[in-house]
Structures are given as C-alpha cells and as structure tokens.
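Enquirer: Residue numbers (this note's numbering): 1 to 44.
I have a structure here, written as structure tokens, and I will follow up with some questions on it.
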Amino acid sequence: IRDSWHFPTFNVADMLVVIGAGLMILFILLIEPKIEAKKQVGKL
C-alpha cells in the first residue's frame with residue numbers, strides 16, 4: 001500500500017517563501033540603509 005511516492009511536506013512553494021523572506025530581510029538590512037544615505041547626501 002505504501003509503494004507510492006510521498007510528496008515532501010516542505011515543498012517547492014515553501015522553499016520559495018523562505019527564500020523570498022530571506023531576500024527581503026537582506027534588502028532591509030543591507031541595501032535600504034545605503035539608499036537612505038544617498039537621499040540624505042542629496043538633501044545637503
């Protein structure tokens with residue numbers, strides 16, 4: 001009865017959600033401060 005292939009619980013959609021969340025966190029922590037710094041330089 002258990003000869004059929006079992007689809008993993010953590011599937012492709014879950015991996016993409018985790019990757020997207022990780023990229024968003026990296027953007028917020030690394031890239032956004034540089035953008036804000038450039039905006040401040042432009043105001044001077």
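Yeah, the Cβ is synthetic: ideal placement off N, Cα and C, and Gly gets one too.
Bear in mind the structure is a predicted one, so any value in this text is a computation, not a measurement.
1) Going straight from the alpha carbon of residue 40 to that of residue 28, what length do you get?
2) From residue 10 to residue 19, what distance separates their C-alpha atoms?
3) Roughly how many angstroms lie between the CA atoms of residue 21 and residue 33, to the nearest whole one?
4) What is the rounded straight-line gap between the Cα of residue 26 and the Cα of residue 42?
5) Where does the unbroken alpha helix (DSSP H) through residue 33 begin, and where does it stop?
Expert: This is what the structure holds:
1) 17 Å
2) 13 Å
3) 18 Å
4) 24 Å
5) 32-43
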